[in-house]
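A short write-up of the structure that comes next.
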Amino acid sequence: MCATCGCGGDHVHDHDHGPTPGHGGESPAHHHPHEEVMGIDGTRIVRMEQDILARNDAHAAENRRHFAERAILALNLVSSPGSGKTTLLENTLRWLHGRCPVAVIEGDQQTALDAERIRVTGTPAVQINTGRVCHLDAHGVGHALADLPALDRGILFIENVGNLVCPALFDLGEATTVLILSVTEGEDKPRKYPAMFHRANLILINKIDLLPYLRFDLDACLTHIRQTNPGADIIQIAASTGQGMDRWHDWLERRRHDLLQARLARLEGDAAALREDLDRSGRARV
Amino acid sequence: MHELSLCQGILDAIVAESRRQAFRRVRGVQLEIGALAGVDGEALRYAWETVAAGTLAATAVLEIVAVPGVAWCPACRATINIGEYYDPCSRCHGHGLKISGGEQLRIRQLEVE
């Protein structure tokens, strides 16, 4: 499958499509009038007025459409390295087993270790190695989707590269961004990485069982989070002991429930419109 | 170092534009960078040298127009400038501001020949 970008890569093309964003294709976002002004020294000014991330955003929009059509809850998991993201995922996947289709896209600069850890839980996982790049992008996620089984009405976890700076800029098409902050990191993280904390919809404060052994000011941390992102949900957990995990599970179930309900409402709207059209054409025939 | 990815995005957009607008060399690139976008100007310039080397934009100078962060304070019913997402309102010192600008990363224009 390569409906998104029209790029070569490792994917076989057996279909025709018009120019699409990526690899020299012309993005729909790029159509705009260009003014040109000649300079006295033979140079001219070409006005562009284009978002630098336009191409990534076009891929993200394509991913978002894919998720919406199939009612897939896609979560972008971001954190520093060592926050306990993969342990959280392993335990979450064990809980989700048998409840709905689930898959994982793992992003790391090197190795397939995390994807292997995930597969042990019985969940399909694709590893993306970003090499020197410090974040996942929407194009890579779009391709990874082709290597996963059908996920209709299920959940896709996208575990981003451990980094609180770069992933903040790159929309992957996710419905929601979950930031994991562990109490071993310091309560000032929201101040140090405001763009990432501002973007997150849910902040999981992990390793909360270690609080008695650390100088971590939880109240200060909560204040920093609320000042940076007043709308974010916050849940305190210890993924390795299970503390607080029921609240995280409830949050996930609620998000999936809302998404399925919204999808059903859209489908029922479409069905009602179809019925109306059929009624009208039936009356016309009589 | 997401600045490398951003510079690659800038270069790809310039190459695509060069086909449409028939230019062969780029002398200058004017960018608009919002204060809240999380992009460091110096890191961007550094990355640009690496990414642009050997291309039609190898000698192009990056001009970065910095745009302040802007937010709406519901309590003061006023638009104020902010430096960071966590900054309070400069008038009432309250939080809960609604960000309304300063997150953009845009290519404004090129000087070409």
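Protein sequences, first through last, are from chains Y and G. Note that the working numbering has the first sequence beginning at 6, numbered continuously upward. Note that the working numbering has the second sequence beginning at 8, numbered continuously upward. Built from N, CA and C at the ideal position, the CB exists for glycine as well. All figures in this text were calculated on a predicted structure; none of them were measured in a lab.
Check	Outcome
Indicate the three-state DSSP secondary structure (helix, strand or coil) for HIS20/Y in the structure shown.	Since pLDDT at HIS20/Y reaches only 38, below the 50 mark, its modelled position is unreliable, and no value is offered.
Name the chain G residues that come within less than 8 Å of ALA200/Y, Cβ to Cβ?	LEU43, ALA44, GLY45, TYR92
If you draw a straight line from the C-alpha of ALA149/Y to the C-alpha of GLN114/Y, how long is it?	15 Å
From THR48/Y to ARG52/G, what does the alpha carbon distance come to, in whole angstroms?	23 Å
Measuring straight from C-alpha to C-alpha, what distance separates VAL58/G and ARG220/Y?	43 Å
Could you spell out where the alpha helix (DSSP H) holding ARG158/Y opens and where it closes?	Run containing ARG158/Y: none; DSSP gives neither H nor E here.
Looking at the C-beta of THR233/Y, does it have a partner C-beta in chain G at a distance below 8 Å?	yes
Does the separation of the CB atoms of TRP79/G and SER97/G fall below 8 Å?	no
Any beta carbon from chain B within less than 8 Å of HIS9/G's own beta carbon?	Looking for chain B here will not work: the only protein chains present are Y and G.
According to the Cβ coordinates, are GLU70/G and GLY35/G closer than 8 Å?	yes
Report the rounded CA-to-CA distance for ALA65/Y versus ALA289/Y, giving the unit in angstroms.	44 Å
The beta strand (DSSP E) spanning ASN61/Y covers which residue range?	No beta strand (DSSP E) holds ASN61/Y; the alpha helix (DSSP H) holding it covers 59-74.
Using only CA atoms, which one of ASP176/Y, GLY127/Y, PRO195/Y lies nearest to ASP62/Y?	ASP176/Y
How would you call TYR198/Y, buried or exposed, if buried means at least 16 neighbouring beta carbons within 10 angstroms?	buried
Suppose you measure from the CA of ALA277/Y to the CA of ARG60/Y; what does that come to, to the nearest Å?	37 Å
State the start and end residues of the unbroken beta strand (DSSP E) segment that holds ILE185/Y.	181-187
Would you please verify whether the beta carbon of VAL74/G is less than 8 Å from any beta carbon of chain Y?	no
Can you tell me whether ASP298/Y is buried or exposed, with buried defined as 16 or more other CB within 10 angstroms of its CB?	With chain Y running from 6 to 291 in the structure shown, residue 298/Y is simply not present.
Cβ closer than 7 Å: which chain Y residues qualify as neighbours of ILE114/G?	MET53, GLN55, ILE57
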